[in-house]
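Scroll down for the structure; my scribbles are underneath it.
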Amino acid sequence: QLQAYGGGLVQSGGSLRLSCAASINVGSFNAMGWYRQAPGKQRELVAILTRAGGTNYADSVKGRFTISRVNAENTMYLQMNSLKPEDTAVYYCNAYLITTTPVNYWGKGTQVTVSS
Numbered sequence: 296q297l298q299a300y301g302g303g304l305v306q307s308g309g310s311l312r313l314s315c316a317a318s319i320n321v322g323s324f325n326a327m328g329w330y331r332q333a334p335g336k337q338r339e340l341v342a343i344l345t346r347a348g349g350t351n352y353a354d355s356v357k358g359r360f361t362i363s364r365v366n367a368e369n370t371m372y373l374q375m376n377s378l379k380p381e382d383t384a385v386y387y388c389n390a391y392l393i394t395t396t397p398v399n400y401w402g403k404g405t406q407v408t409v410s411s
């Protein structure tokens, strides 16, 4: 259902854009988001985008990361600027859909490594 890509190795202060391609119109989901998991740490929420267009960000990425979507492309994005070594993690995209029952969809992660 979801495929995340765009990760890579970047120097501190650099930028990357992650993409999450969905098999259906991304505007159909009640919410979509990006999560990340660093080695030895729990998965954490990075950013969330609601169907109505509302956004919320982890304090650690506010002002640096921007979540967005393009419905016509069935794709959600995470623009990451001013990257720091502590942003190094596997990034996962998530989609939440309520039909008769709520369903969470997860894409395979994409590795982001920020060198100092």
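If you use this note's numbering, the sequence shown closes out at 411, no skipped numbers anywhere. All residues carry an ideal CB built from backbone N, CA and C; glycine is no exception. Being a predicted model, the structure only gives us computed values, none of them experimental.
Limits of the beta strand (DSSP E) - the one that residue i falls within
i    : result
I393 : 384 to 393
N351 : 350 to 352
I319 : It is not in any beta strand (DSSP E) - I319 carries neither H nor E in the DSSP assignment.
Q337 : Here Q337 belongs to no beta strand (DSSP E), and DSSP marks it neither H nor E.
S410 : 405 to 410
Residues that residue i bridges to, as DSSP identifies them
i    : result
V398 : L392
L378 : Looking at the DSSP assignment, L378 forms no beta bridge with any residue, so it has no partner.
Within 8 Å, strictly: CB atoms of residue i and residue j
i    : j    : result
G322 : N389 : no
A347 : I362 : no
T383 : T408 : yes
Through-space distance from residue j to residue i, alpha-carbon basis
i    : j    : result
T350 : A333 : 23 Å
L378 : A326 : 25 Å
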